[in-house]
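Peer 1: I have a structure here, written as structure tokens, and I will follow up with some questions on it.
Protein chains: 2
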Amino acid sequence: MLNSKSPVPLYHQLADILTERIRSGEYSPGQMIPSEISLAKQYGIGRPTVRQAMDTLVRKGLIHRRRGAGTFVKRPEAKVDLFSLAGTSQAFLTQGIRPGRKMISPLCLKTVEGDPENPFNGHRAFFLSRLTLAQDRPILVEDIFLDAELFLGLDKIDLRDKSLSRVVMDHYYLKPENGVQTFKVEALSGTRAKLLGLTRKDPVLVVKREINFPDAPGAVYSVLFCRTDTFAFSQTIPGEVS
Amino acid sequence: MLNSKSPVPLYHQLADILTERIRSGEYSPGQMIPSEISLAKQYGIGRPTVRQAMDTLVRKGLIHRRRGAGTFVKRPEAKVDLFSLAGTSQAFLTQGIRPGRKMISPLCLKTVEGDPENPFNGHRAFFLSRLTLAQDRPILVEDIFLDAELFLGLDKIDLRDKSLSRVVMDHYYLKPENGVQTFKVEALSGTRAKLLGLTRKDPVLVVKREINFPDAPGAVYSVLFCRTDTFAFSQTIPGEVS
DNA sequence: CAGTGGTCTAGACCACTAT
DNA sequence: TAGTGGTCTAGACCACTGA
Chain A
128 MLNSKSPVPL YHQLADILTE RIRSGEYSPG QMIPSEISLA KQYGIGRPTV RQAMDTLVRK
188 GLIHRRRGAG TFVKRPEAKV DLFSLAGTSQ AFLTQGIRPG RKMISPLCLK TVEGDPENPF
248 NGHRAFFLSR LTLAQDRPIL VEDIFLDAEL FLGLDKIDLR DKSLSRVVMD HYYLKPENGV
308 QTFKVEALSG TRAKLLGLTR KDPVLVVKRE INFPDAPGAV YSVLFCRTDT FAFSQTIPGE
368 VS
Chain B
128 MLNSKSPVPL YHQLADILTE RIRSGEYSPG QMIPSEISLA KQYGIGRPTV RQAMDTLVRK
188 GLIHRRRGAG TFVKRPEAKV DLFSLAGTSQ AFLTQGIRPG RKMISPLCLK TVEGDPENPF
248 NGHRAFFLSR LTLAQDRPIL VEDIFLDAEL FLGLDKIDLR DKSLSRVVMD HYYLKPENGV
308 QTFKVEALSG TRAKLLGLTR KDPVLVVKRE INFPDAPGAV YSVLFCRTDT FAFSQTIPGE
368 VS
């Protein structure tokens, strides 16, 4: 089941296996999952390695541990965690909602100008803009800027039906280190208002997000324009893991 | 230096020591901190224990590791992380901004009614409302609800000049496990508009936050009404730790 | 090359839970 | 009491960095 020759660490492989079993329902909410010792024996690995795998699931909020009792699958949260670093489509998929997507501006290289808040201001960057719908209603416009040098060749990749964060991970082997986002309430411009089915001057939630990668701070910058009247945007904030 | 008889785990003690050295500037940004092996020898503990301590610092964003090179103190982030679980005053303090506070409704027991989104709806709960100012400008009104049974005796505690999250930690030994918050853009009621120096119907950012404690989900619920025109609200999102 | 962090093992003792 | 998670040790091998 586990491949110790793989470059993927054992604890990561095990974490993936357990995650899949939870997502598929094999381990259902409230149920106890096999103990650390039994998993260690079953897979022929050490208990610390099992713990390391479970640590990641605890941080993701999939399980919780009760000393003396066991480890249990958490009941899934009721809301859409939109503001995580994993990417917007991932946020919807974890809820069983399939978001609709409409490209507004296809990926292109462009020079960013007149936007001092944009870390790419004055430089060339990849740019795309897209609309997200839920249950056929427009809820979100995303402008995304990506570092032109770091993501060299991005315009050669077919992005249709692919998660942008997956492309970044699989093609460039880049995993977000952390991010900073700021929240504002702003009035919409005319063109964006039309896309979201609103009138100009309707206020929306504007989220500006900067994502940092190892040795490449701010390599992705995105601006989200969110309708909040038909859909509640939410996020889960992890606590500290013991 | 470390006390192995203490009920506080060794890795936690070491994490506190290292955190303090970073906060005090003894280890300054960019500087390499002692290697895991040297710390293990110095404190007479195992290397995995040192790693466990450093893991927490990585998750807090205080340090980052570079394989083959060492572990380094990160440069502090530039913005105010308002939407963390640590509490609002903590968010300002880490930036050197001393927020002004004005109590609107002092702590009292009240029965929550007519608010289906409030987890305390139909029950009695502690309630308080306060205004936060930055640089003498109103920026934030907070309504806070706390579980009446869990925080029994809270009304006997002098809350002036104390962080609410500190009181919860120090008096009730409760550490937030995680939280869920939802974001909306809403128009203000007349009374709150006045407090924030706005006119009625001015849209503000409304954040509803539910904080979960071990064995006490949703024991704290708060609603934040935020002006976003004079002050940008931001947060840092941690990535996954390897 | 020596030193670093990344991973992993095979144990150990403890506090706690359920029965 | 048996089984669980929480902590900790003493080692090991590897990939990687920097001199």
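Quick note, the sequences are listed as chains A and B, same order.
With our numbering applied, the first sequence corresponds to residues 128 to 369, in that order.
With our numbering applied, the second sequence corresponds to residues 128 to 369, in that order.
Glycine is no exception: its CB is placed at the ideal position from the N, C-alpha and C atoms.
All values reported here derive from a predicted model rather than from experimental measurement.
1. Going by beta carbon distance, what residues of the same chain come within less than 7 Å of S131/A, once the five residues before and after it are set aside?
2. Can R257/A and R228/A be called in contact, C-beta distance under 8 Å?
3. Below 8 Å CB to CB, which residues in the same chain sit around Q169/B once its five sequence neighbours on both sides are set aside?
4. State the Cα-Cα distance for the pair D263/A and G173/B, rounded to the nearest angstrom.
5. Output yes if chain A places a C-beta closer than 8 Å to the C-beta of Q362/B; else output no.
6. Report yes or no: is there a C-beta of chain B within less than 8 Å of the C-beta of G306/A?
7. Report the rounded CA-to-CA distance for T146/A versus H139/B, giving the unit in angstroms.
8. Label D297/B either buried or exposed according to how many other C-beta atoms from any shown protein chain fall within 10 Å of its C-beta, with 16 as the threshold for buried.
9. Is the CB of A359/B under 8 Å away from at least one CB in chain A?
10. What does a CB cutoff of less than 6 Å around K335/A pick up in its chain, not counting 5 residues either side in sequence?
11. Would you tell me roughly how many angstroms separate the C-alpha atoms of L260/A and V312/A, rounded to the nearest one?
12. Name, please, each residue of chain B whose Cβ falls closer than 8 Å to the Cβ of V200/A.
13. Please report whether the beta-carbon of V312/B lies at a distance below 8 Å from any beta-carbon of chain A.
14. Which value, in whole angstroms, describes the spacing of the CA atoms of E153/A and S165/B?
15. Suppose you measure from the CA of G306/B to the CA of N339/B; what does that come to, to the nearest Å?
16. For G157/A versus R202/A, is the C-beta distance shorter than 8 Å?
17. Quick one, which of V333/B, A346/B, I149/B has its alpha-carbon nearest K187/B's?
18. For the stretch 231 to 299 of chain A, which segments carrying the beta strand (DSSP E) assignment without a break, of at least 3 residues, lie completely within its bounds, in sequence order?
19. Comparing the C-beta of F326/B with each C-beta of chain A, is any distance below 8 Å?
20. The beta strand (DSSP E) with E304/B in it runs from where to where?
21. Short of 8 Å in beta carbon distance, which residues of its chain neighbour M355/B, apart from the five on each side in sequence? Order them along the chain.
22. Determine the direct distance from the alpha carbon of T176/B to that of Q179/A, and round the result to whole angstroms.
23. Express the C-alpha separation of F199/A and G380/B in angstroms, rounding to a whole number.
24. Helix, strand or coil for Y154/B? Go by DSSP, reduced to three states.
25. Shortest alpha-carbon distance to E240/A belongs to which of R251/A, L234/A, S232/A?
26. Does T326/B pass the burial test, meaning 16 or more other C-beta atoms within 10 Å, or should it be called exposed?
27. Measuring alpha carbon to alpha carbon, tell me which residue in S290/A, E304/A, F278/A, Y299/A is nearest R192/B.
28. How about E323/A and F352/A: are their beta carbons less than 8 Å apart?
29. At a Cβ threshold of 8 Å, is P330/B touching chain A?
30. Excluding the 5 residues preceding and the 5 following L129/B in the sequence, name in chain order all residues of the same chain whose CB lies nearer than 6 Å to its CB.
31. Kindly identify the DSSP beta-bridge partner or partners of P341/B.
32. Consult DSSP for T326/A and reduce its assignment to one of helix, strand or coil.
33. Would you list the one or two residues that DSSP bridges to H191/A?
34. Using the Cα positions of G195/A and D342/B, report the straight-line distance between them to the nearest angstrom.
35. Does the beta carbon of G197/B sit closer than 8 Å to a beta carbon anywhere in chain A?
36. Using the rule of at least 16 other Cβ atoms within 10 Å of the residue's Cβ for burial, across every protein chain shown, is V295/B buried or exposed?
Peer 2: With the given structure in hand:
1. Within the first sequence, numbered from 1, the residue matching residue 131/A stands at position 4. For S131/A, same chain residues with a beta-carbon under 7 Å away, outside a window of 5 residues either side, are L137 in chain order.
2. Reading the first sequence from its first residue, position 130 is the one you call residue 257/A. Reading the first sequence from its first residue, position 101 is the one you call residue 228/A. Taking 8 Å as the Cβ cut-off, R257/A and R228/A qualify as a contacting pair.
3. By one-based count along the second sequence, residue 169/B stands at place 42. The residues are P161.
4. As a first step, residue 263/A must be located in the first sequence, where it is residue number 136. As a first step, residue 173/B must be located in the second sequence, where it is residue number 46. D263/A and G173/B have their C-alpha atoms some 56 Å from each other.
5. Position 235 of the second sequence, counted from the start, is the residue given in the question as residue 362/B. Answer yes: the Cβ-Cβ gap between Q362/B and chain A drops below 8 Å somewhere.
6. Counting from 1 along the first sequence, the entry for residue 306/A is found at position 179. Yes, G306/A counts as interfacial toward chain B.
7. The residue you call residue 146/A lines up with position 19 of the first sequence. The residue you call residue 139/B lines up with position 12 of the second sequence. One C-alpha to the other measures close to 28 Å.
8. Within the second sequence, numbered from 1, the residue matching residue 297/B stands at position 170. A residue is called buried when at least 16 other Cβ atoms come within 10 angstroms of its Cβ; D297/B does not meet this threshold and is exposed.
9. Within the second sequence, the letter at position 232 stands for residue 359/B. For A359/B, the answer is yes, since a Cβ of chain A falls inside 8 Å of its Cβ.
10. Stepping through the first sequence from its first residue, residue 335/A is reached at position 208. Taken in chain order, the residues that qualify are T309, V350.
11. The count along the first sequence starts at 1 and reaches residue 260/A at position 133. The count along the first sequence starts at 1 and reaches residue 312/A at position 185. Straight-line Cα distance between these residues: approximately 20 Å.
12. By 1-based counting over the first sequence, the position of residue 200/A is 73. Under the 8 Å cutoff, chain B gives no residues; its nearest Cβ is about 15 Å from V200/A.
13. Taking the second sequence and counting its residues from 1, the one referred to as residue 312/B is at position 185. With 8 Å as the cut-off, V312/B counts as an interface residue toward chain A.
14. Numbered from its first residue, the first sequence carries residue 153/A at position 26. Numbered from its first residue, the second sequence carries residue 165/B at position 38. Each residue's alpha carbon lies about 45 Å from the other.
15. Position 179 of the second sequence, counted from the first residue, corresponds to residue 306/B. Position 212 of the second sequence, counted from the first residue, corresponds to residue 339/B. Rounded to whole angstroms, the separation of the alpha carbons of N339/B and G306/B is 6 Å.
16. As a working mapping, residue 157/A is identified with position 30 in the first sequence. As a working mapping, residue 202/A is identified with position 75 in the first sequence. Cβ atoms of G157/A and R202/A: closer than 8 Å.
17. Position 60 of the second sequence holds residue 187/B. Closest by alpha carbon: I149/B.
18. The qualifying runs are 251 to 261, 264 to 274.
19. Residue 326/B sits at position 199 when you count from the first residue of the second sequence. In the sequence as presented, Phe is not what sits at residue 326/B; that position holds Thr. T326/B does not count as touching chain A.
20. For this step, residue 304/B is matched to residue 177 along the second sequence. Counting along the chain, E304/B falls outside any beta strand (DSSP E), and DSSP gives it neither H nor E.
21. Start at 1 with the first residue of the second sequence, and residue 355/B comes out as number 228. At residue 355/B the sequence reads Thr, which differs from the Met that was named. So the list reads V331, L332, once near-sequence residues are dropped.
22. Against the first sequence, residue 179/A aligns to sequence position 52. Against the second sequence, residue 176/B aligns to sequence position 49. Their Cα atoms are separated by approximately 13 Å.
23. This structure cannot speak to residue 380/B, because chain B is shown only from 128 to 369.
24. In the second sequence, counting from the first residue as 1, residue 154/B sits at position 27. Looking at Y154/B - three-state DSSP - the assignment turns out to be coil, as it is neither helix nor strand.
25. Along the first sequence, one-based indexing puts residue 240/A at 113. Closest option to E240/A, Cα to Cα, is R251/A.
26. Mapped onto the second sequence, residue 326/B falls at position 199. Flag for T326/B reads exposed.
27. Reading the second sequence from its first residue, position 65 is the one you call residue 192/B. Closest option to R192/B, Cα to Cα, is E304/A.
28. Taking the first sequence and counting its residues from 1, one reaches residue 323/A at position 196. Taking the first sequence and counting its residues from 1, one reaches residue 352/A at position 225. The question names Glu, yet the displayed sequence has Leu at residue 323/A. Result yes, Cβ atoms of L323/A and F352/A sit closer than 8 Å.
29. Residue numbering aside, residue 330/B sits at position 203 when the second sequence is read from its first letter. Answer yes: the Cβ-Cβ gap between P330/B and chain A drops below 8 Å somewhere.
30. By 1-based counting over the second sequence, the position of residue 129/B is 2. For L129/B, same chain residues with a beta-carbon under 6 Å away, outside a window of 5 residues either side, are L137, Q140, Y170 in chain order.
31. Sequence index remark: in the second sequence, residue 341/B carries index 214 (1-based). BP columns for P341/B are empty, so no partner.
32. Along the first sequence, one-based indexing puts residue 326/A at 199. In the structure shown, T326/A sits in coil (DSSP, three-state: anything other than H, G, I, E or B).
33. Start at 1 with the first residue of the first sequence, and residue 191/A comes out as number 64. As a beta-bridge residue in DSSP terms, H191/A pairs with F199/A.
34. What you label residue 195/A is simply residue 68 of the first sequence in a count that begins at 1. What you label residue 342/B is simply residue 215 of the second sequence in a count that begins at 1. Roughly 15 Å between the two C-alpha positions.
35. Residue mapping note: residue 197/B aligns to position 70 of the second sequence, counting from 1. By this cut-off, G197/B is not an interface position.
36. Walking along the second sequence from the start, residue 295/B turns up at place 168. The residue is buried, with at least 16 neighbouring Cβ atoms inside 10 Å.
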